[in-house]
Amino acid sequence: MATDSAPFAGLRSDVPPVRPRTPSPIRKVHELGANVPLPARDLDVNPANIDVIYAEDEEVFRETAIHELLKVGFVRKNIHEADNGIGALEHLAKLQMDGHCTMPLLVLLDVRMPGMDGRECALQIQELVKKRLLRREPFVVCISSIHRQVTVDEGKGNFQVVLPKPINTQFLDEAMELLRKWWTLGHGRQLAAWKVFDPAEIDIIAADTEPVCRLAASTAFTQAGVLADSVYEAEDEDELMDLLTEAQEGDRERPLVILLGTAAWAPSIREYVESAKHEQTRRRREPFVVCTSVDSDRIGGTQAVDMFHAFLPGRFGQNDVKWCLEFCRLWWQTRGDGPGEGDGDDDDHDDSGSEASGMSAGSMGSMGSMDGN
Numbered sequence: 012m013a014t015d016s017a018p019f020a021g022l023r024s025d026v027p028p029v030r031p032r033t034p035s036p037i038r039k040v041h042e043l044g045a046n047v048p049l050p051a052r053d054l055d056v057n058p059a060n061i062d063v064i065y066a067e068d069e070e071v072f073r074e075t076a077i078h079e080l081l082k083v084g085f086v087r088k089n090i091h092e093a094d095n096g097i098g099a100l101e102h103l104a105k106l107q108m109d110g111h112c113t114m115p116l117l118v119l120l121d122v123r124m125p126g127m128d129g130r131e132c133a134l135q136i137q138e139l140v141k142k143r144l145l146r147r148e149p150f151v152v153c154i155s156s157i158h159r160q161v162t163v164d165e166g167k168g169n170f171q172v173v174l175p176k177p178i179n180t181q182f183l184d185e186a187m188e189l190l191r192k193w194w195t196l197g198h199g200r201q202l203a204a205w206k207v208f209d210p211a212e213i214d215i216i217a218a219d220t221e222p223v224c225r226l227a228a229s230t231a232f233t234q235a236g237v238l239a240d241s242v243y244e245a246e247d248e249d250e251l252m253d254l255l256t257e258a259q260e261g262d263r264e265r266p267l268v269i270l271l272g273t274a275a276w277a278p279s280i281r282e283y284v285e286s287a288k289h290e291q292t293r294r295r296r297e298p299f300v301v302c303t304s305v306d307s308d309r310i311g312g313t314q315a316v317d318m319f320h321a322f323l324p325g326r327f328g329q330n331d332v333k334w335c336l337e338f339c340r341l342w343w344q345t346r347g348d349g350p351g352e353g354d355g356d357d358d359d360h361d362d363s364g365s366e367a368s369g370m371s372a373g374s375m376g377s378m379g380s381m382d383g384n
């Protein structure tokens, strides 16, 4: 099929953009290489000797947070400021060989920033960790006014700790205690970036009233690597919701994608997902919802845009599908827990995100890459 317009993102959630090229700080780390020996590790953690990278685009919040950092023992000259994720990555690259190399490296990120937001920056950091390219692996903390969304809706993603903005010394003391456990004992969250993303490991529900449209959508994604046995079809709204409910019992380490050709059914999906969040929890498998309607361009210009994660053009081709899968990967690897985590009841989503469990810093093997993004 020929493409008459480009695919575009919906507003169902904030997802990092699909970048056409690797950001320059990431290239600098790659140039440093993986063969530089690791520094010795000082287990006597002292805030006065900890290097801090703090990315926040609003100066008033940045200065307030720095004031609180100084109160708990951090030193001003060791705090490296940036106004977006790119700047944070620049500092990260520089501090691989500079600073207090025997002590932890702390990265504090706001979520919403221009150029590169905190979600993408945290994901880029974890991609470097997975490739074992960082001599100094950082402890990444989110500080945001939307901390509840990051904690409840997004399951903390690639942040070890999520703190509200503005922060105070109590929150910083809690974060420091978790940093010490992570640094000295290897205790921490398994982060979302470590989840496998492979088209052959995706489950799809193709939902449309028209059989030919369901077939076209499902065929396009099977041609991109999704297994035919993993595609299910729904011809009406009730069947769609039944399949979505049944999918909750499936493997939560497999992304669930809904190819929705009938936009009028989107509010039911939204209500199904949001009803769990009202109780401070999440569905076991939240779907990535793609609009595949032949009228997607018009729908994307209405209020329905916030019902979808992504929109494919009315006449989409394989390049559009590849974009959609990459966008889905960014969503998948910036949300929830890492592999093998979160099989319980998804509770303990407090304001600070202060529980820690199970992952040793730098202990897991390499997997996947950003594919040049």
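Residues 12 to 384 in my numbering are what the sequence shown lists, from first letter to last. All residues carry an ideal CB built from backbone N, CA and C; glycine is no exception.
Every unbroken alpha helix (DSSP H) within the stretch 258-317, with a cutoff of 4 residues, ordered by chain: Counting whole runs of 4 or more residues, the stretch 258-317 contains the alpha helix (DSSP H) stretches 277-288 and 307-310.
Nearest-angstrom beta carbon gap, A17 and P324 [assumed within contact, 8 Å]: Taking the sequence shown and counting its residues from 1, one reaches residue 324 at position 313. Taking the sequence shown and counting its residues from 1, one reaches residue 17 at position 6. Correct: roughly 7 Å between the Cβ atoms.
Three-pair Cβ contact test at 8 Å for the stretch 34-42 versus the stretch 314-333: At 8 Å Cβ cutoff, the stretches do not touch.
Alpha helix (DSSP H) segment containing H198, residue limits: Counting from 1 along the sequence shown, the entry for residue 198 is found at position 187. Element bounds for H198: n/a, residue is neither H nor E.
Cα-Cα separation between V71 and P177, rounded to whole angstroms: Your numbering for residue 71 matches position 60 in the sequence shown. Your numbering for residue 177 matches position 166 in the sequence shown. V71 and P177: Cα-Cα distance of roughly 10 Å.
Spatially closest choice to D214 from R340, L238 and S304, by CA coordinates: The count along the sequence shown starts at 1 and reaches residue 214 at position 203. When R340, L238 and S304 are compared, the shortest CA-CA separation from D214 is found for L238.
Length of the line joining the Cα atoms of A231 and V300: For the purposes of this step, residue 231 is taken as the residue at position 220 of the sequence shown. For the purposes of this step, residue 300 is taken as the residue at position 289 of the sequence shown. Cα to Cα, the separation comes out at about 16 Å.
Whole runs of the alpha helix (DSSP H) within the stretch 90-133, excluding any shorter than 4 residues: Listed in chain order, they are 96-105.
When W343, V40, P278 and Q181 are compared against L267, the one with the closest alpha-carbon: Here residue 267 refers to the residue found at position 256 of the sequence shown. L267 has its Cα closest to that of W343, out of W343, V40, P278 and Q181.
Three-way DSSP call (helix, strand, coil) for D356 in this model: If you number the sequence shown from 1, residue 356 lands on position 345. At D356 the pLDDT is 44, less than 50, meaning the model places this residue with poor confidence and gives no usable figure here.
Unbroken beta strand (DSSP E) run spanning F150, endpoints: For the purposes of this step, residue 150 is identified with residue 139 of the sequence shown, where counting begins at 1. Residues P149 to S155.
K82 burial status per 10 Å Cβ neighbour count (16 or more: buried): Taking the sequence shown and counting its residues from 1, the one referred to as residue 82 is at position 71. So K82 counts as exposed.
Beta bridge counterpart(s) of F322 as assigned by DSSP: Position 311 of the sequence shown, counting from 1, holds the residue named residue 322. Answer is F19 and C302.
Same chain, Cβ closer than 6 Å to V40, five either side skipped, listed in chain order: Within the sequence shown, residue 40 is the residue found at index 29, counting from 1. In the same chain as V40, and ignoring 5 residues on each side of it, the C-beta atoms closer than 6 Å to its own belong to A104, L139 and L144, in chain order.
Counterpart residues of L174 in DSSP-defined beta bridges: Looking up residue 174 in the sequence shown gives position 163. According to DSSP, L174 bridges with I154.
Start-to-end residues for the alpha helix (DSSP H) that takes in A66: Along the sequence shown, read from residue 1 onward, the residue named residue 66 stands at position 55. No alpha helix (DSSP H) contains A66, which is instead part of the beta strand (DSSP E) from D62 to A66.
Nearest to L54 (by Cα), restricted to the options L80, G328 and M114: Looking up residue 54 in the sequence shown gives position 43. The candidate whose alpha carbon is nearest that of L54 is M114.
R23 classed as buried or exposed, judged by whether at least 16 other C-beta atoms fall within 10 angstroms: Position 12 of the sequence shown, counted from the first residue, corresponds to residue 23. Buried, because 16 or more other Cβ atoms sit within 10 Å of the Cβ of R23.
Rounded separation between E131 and P28 - CA only: The residue labelled residue 131 in the question sits at position 120 within the sequence shown. The residue labelled residue 28 in the question sits at position 17 within the sequence shown. So the two alpha carbons sit approximately 8 Å from each other.
Whole-Å CB distance - G129 paired with G98, under 8 Å assumed: Sequence index remark: in the sequence shown, residue 129 carries index 118 (1-based). Sequence index remark: in the sequence shown, residue 98 carries index 87 (1-based). So it is not a contact: roughly 12 Å between Cβ atoms.
Validate contact between the stretch 264-278 and the stretch 306-319 using beta carbons, cut 8 Å, 3 pairs: Yes, the stretch 264-278 touches the stretch 306-319.
N-terminal and C-terminal residue of the beta strand (DSSP E) that V242 is part of: Residue numbering aside, residue 242 sits at position 231 when the sequence shown is read from its first letter. Taken as a continuous stretch (DSSP letters only), the beta strand (DSSP E) holding V242 covers V242 to A245.
K88, buried or exposed, once every other Cβ within 10 Å from all chains shown has been counted against 16: Position 77 of the sequence shown, counted from the start, is the residue given in the question as residue 88. Classification of K88: exposed, given that the 10 Å Cβ count is below 16.
Distance, M252 Cα to I280 Cα: What you label residue 280 is simply residue 269 of the sequence shown in a count that begins at 1. What you label residue 252 is simply residue 241 of the sequence shown in a count that begins at 1. The C-alpha of M252 is placed about 7 Å away from the C-alpha of I280.
G126 versus D94, L119 and K142, residue with shortest Cα-Cα distance: Residue numbering aside, residue 126 sits at position 115 when the sequence shown is read from its first letter. Nearest C-alpha to G126 among D94, L119 and K142: D94.
Spatial neighbours of R295 in its chain, beta-carbon cut-off 6 Å, leaving aside the 5 residues before and after: The residue given as residue 295 occupies position 284 in the sequence shown. Once the five neighbours on either side are set aside, the close Cβ partners of R295 are Q259 and R263.
Where the beta strand (DSSP E) through D214 begins and ends: Stepping through the sequence shown from its first residue, residue 214 is reached at position 203. D214 to A218 is the extent of the beta strand (DSSP E) around D214.
Exposure of Q223, with buried meaning 16 or more beta-carbon neighbours within 10 Å: The residue you call residue 223 lines up with position 212 of the sequence shown. The sequence shown places Val at residue 223, not Gln. Exposed is the call here.
Sufficient close CB pairs (3 or more, under 8 Å) joining the stretch 180-194 to the stretch 202-214: Using a Cβ-Cβ distance cut-off of 8 Å, the stretch 180-194 and the stretch 202-214 are not in contact, since fewer than three pairs of beta carbons, one from each stretch, lie closer than that value.
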